[in-house]
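Trainee:
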Amino acid sequence: MAPNLICGTASIGMDLTEFQDVESVNVLYAHRADPETSLEEQIQGFNEQIAQGHCKAWGVSNTPPDVLEKILHLCEQNGWQKPSCYQGEYSLISRGMETRLLPLLRAHNMAFNAFRGLAAGFLTGNSVNNRKTGTRFGDDNPLGKAVQKIFGAEDLTEAMRKFDTEVRAHGVSPIEVAARWLSHHSALNDDDGVVIGASKKAQIVEVVSFIQKGPLPTTLLELAENLWEEVKETRGTII
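Numbering (UniProt numbering), first residue to last: 1 to 239.
1) Starting from GLU176, follow the beta strand (DSSP E) in both directions and report where the run begins and ends.
2) For the stretch 87-96 and the stretch 49-56, state whether three or more C-beta atom pairs, one from each stretch, are separated by less than 8 Å.
3) Note down, one range per segment and in chain order, each alpha helix (DSSP H) of at least 4 residues found wholly within the stretch 197-225.
4) Within the stretch 8-89, note down every full alpha helix (DSSP H) run reaching 4 residues or more, in order along the chain.
5) Please report the straight-line C-alpha distance between SER11 and LYS200, rounded to a whole angstrom.
6) Can you tell me which of the three DSSP states LEU5 falls into?
7) Can you tell me the Cα-Cα spacing of VAL128 and PHE112, whole angstroms?
8) Pick helix, strand or coil for GLY96, following the three-state DSSP scheme.
9) So, with DSSP's three-state summary, where would you put ALA169?
10) Give me the Cβ distance between LEU123 and ILE204, rounded to the nearest whole Å; I'm assuming they're in contact under 8 Å.
11) Consult DSSP for ALA187 and reduce its assignment to one of helix, strand or coil.
So this is what it looks like as structure tokens:
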């Protein structure tokens, strides 16, 4: 068993206008807590949407553990429905959620839906091999400079370059190792999910085919764990 796979409609070419008349969704997410609105008001707003039948549950994203603790406490204190899931960043080089956030989610039976499993494309190896054009790391991309800054630490670049060389020496791509690790070796369980985002349907098919290969052999798993050890000091607090 492995986490559920979640594909964004934009990734598989579905027309979002097909859903314009939908009356209810399964989960309504708060992309992040609004700093200008009280948590009580925000929670009540989501609970009202549930009561009106517009969604079955609500979830949070980009929410620090201390804020989530306040949200959960308020829900328990007032008898409000708690968020059922958390959508957050999680990958070979972004494992900060394992320390404090994930135990909190487990204690409250909240699922974790991981996005950025390839770290915005950094784990493809393209950026460290000077193949940035046409990717999110390219100067031609509107977000190129921002992404370059996020993943531009020298120790991260050097560790990724080493990892890329080592896994390719075993005849596999870093994408395959990242995808299989996230589904078969990470802290995620069967109630959690992996959000697969891509610009082409073929990329979705490729990632799914990698996941279907199952767990990594010991040698590749060790390389994956070594990558985290080398960047943990820089990336350990990122959630």
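C-beta atoms are modelled at their ideal positions from N, C-alpha and C, and glycine is treated no differently.
Mentor: Reading from the atomic positions:
1) Counting along the chain, GLU176 falls outside any beta strand (DSSP E), though it belongs to the alpha helix (DSSP H) covering 174-184.
2) no
3) 201-211
4) 39-51 and 65-78
5) Low confidence applies here, because SER11 scores a pLDDT of 48, under 50, leaving its location unreliable; read the following figure in that light. If you take the alpha carbons of SER11 and LYS200, they lie about 6 Å apart.
6) strand
7) 30 Å
8) helix
9) coil
10) Not quite, the Cβ-Cβ distance comes to about 16 Å (not below 8 Å), so this is no contact.
11) coil
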